[in-house]
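*Asks:*
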């Protein structure tokens, strides 16, 4: 019995680690896509700015970024126990919290507002979480350090939801 538990824990742990590494690679890929979209917005701003500032365009890009994370979650391994689904992006959150603490220590521990003269310290953090930075920009939310701390929880949550969607899809196809 102890041997079975040990094998189960080893399999679950390795699956979690592999899922985290793949999730980090997918997060970085989504971030690069987001940065490319942002560059395209800036370059085409004078000519296409009328269309990209429309509420439907903004809503489309917000849904696109969220969908990318859900689809990335569907790519991850769902063969392990269901209770580990939301651990898939913990490495993303740990790196993000580390960047957040480093940046906050550089800016003087102001949780409510980021003064303009200190915003340069947030560049690395905003690049790491560029999909959510873009979502906040498109939705009109002001990026505060407290909101940035909560942003660390979004990738693991969305990836976990993607794994749950994959489980539902697999169960439905098994029933049919």
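Residue numbers (our numbering): -5 to 170.
Think of the CB as a built atom: it goes at the ideal place given N, C-alpha and C, for glycine as much as any other residue.
(1) Return the residue from the list 70, 117, 98, 38 that minimises the CA-CA distance to residue 238.
(2) I'd like the ranges of any beta strand (DSSP E) spanning at least 3 consecutive residues and lying wholly in the segment 4 to 37.
(3) What are the start and end residues of the alpha helix (DSSP H) that includes residue 80?
(4) Would you mind stating whether residue 157 and residue 75 have Cβ atoms separated by less than 8 Å?
(5) Could you have a look at residue 74 and say whether DSSP puts it in helix, strand or coil?
(6) What is the rounded straight-line gap between the Cα of residue 98 and the Cα of residue 120?
(7) For residue 135, which of helix, strand or coil comes out of DSSP?
(8) Using alpha carbons as the reference points, say which of 36, 90, 72, 82 lies closest to residue 164.
(9) With a 10 Å radius around its C-beta and 16 neighbouring C-beta atoms as the bar for buried, classify residue 160 as buried or exposed.
(10) Under 7 Å: does the beta carbon of residue 68 sit that close to some heavy atom of the ligand HEM?
(11) Exposed or buried, which one is residue 63 when buried takes at least 16 other CB atoms within 10 Å?
(12) What does the Cβ neighbour count give for residue 48, buried or exposed, with the cut at 16 atoms within 10 Å?
(13) Sorted by chain position, which residues of the same chain lie with C-beta nearer than 8 Å to residue 32's C-beta, five sequence neighbours on each side aside?
(14) Just to confirm my understanding: we take residue 145, look at its own chain, exclude 5 residues before and 5 after, and list those with CB closer than 6 Å. What are they?
(15) Could you pull out every residue in the same chain whose Cβ sits closer than 8 Å to the Cβ of residue 25, ignoring the five residues on either side in sequence?
*Replies:* Short version:
(1) The shown model of the chain, from -5 to 170, leaves out residue 238, and the question about it has no answer.
(2) none
(3) Segment: none, residue 80 is in no alpha helix (DSSP H) and carries neither H nor E.
(4) In this structure, residue 75 does not lie closer than 8 Å to residue 157 by Cβ.
(5) It is coil, neither helix nor strand.
(6) 13 Å
(7) coil
(8) Per the Cα distances, 72.
(9) buried
(10) As presented, the structure is devoid of all ligands, the ligand HEM included, so that no description of it is given.
(11) buried
(12) exposed
(13) So the list reads 124, 128, once near-sequence residues are dropped.
(14) 123, 126
(15) 121, 122, 123, 124, 125
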